[in-house]
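This is the structure we're talking about:
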């Protein structure tokens, strides 16, 4: 009887740990995407680099890192162009 309860408890603990780990990775990616949307490109890039170090085989992280770099580049380019246009 005790062994059955212990086995069920151990199974439940393992299941909950698996859910927690998968949910925390999703939250990290969601946080990085939120930083990108709020134009905090440096922080988002650092977070995505950390995700890549943890899981280098996940292609989504590389995609979003590239997108983050492009958005950062175009935001700077557009900002510089706008500044030049308004000063002349």
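Numbering (the working numbering), first residue to last: 4 to 91. Glycine included, every Cβ here is placed at the ideal spot set by N, Cα and C. Bear in mind that the values here come from a model prediction, so they are computed numbers and not experimental data.
Rounded C-alpha distance that separates residue i from residue j
i, j, result
"residue 64", "residue 47", "11 Å"
"residue 53", "residue 89", "39 Å"
"residue 45", "residue 55", "15 Å"
"residue 34", "residue 58", "16 Å"
"residue 80", "residue 60", "32 Å"
Burial state of residue i, where buried means 16 or more other Cβ atoms lie within 10 Å
i, result
"residue 25", "Bear in mind that the predicted position of residue 25 carries a pLDDT of just 47, short of 50, making it too unreliable to give a figure here."
"residue 39", "buried"
"residue 51", "buried"
"residue 73", "exposed"
"residue 68", "buried"
Coil, strand or helix - residue i by DSSP
i, result
"residue 61", "coil"
"residue 52", "helix"
"residue 70", "helix"
Any chain B beta carbon closer than 8 Å to residue i
i, result
"residue 52", "Protein chain content of the structure displayed is limited to a single chain, and chain B is not contained in it."
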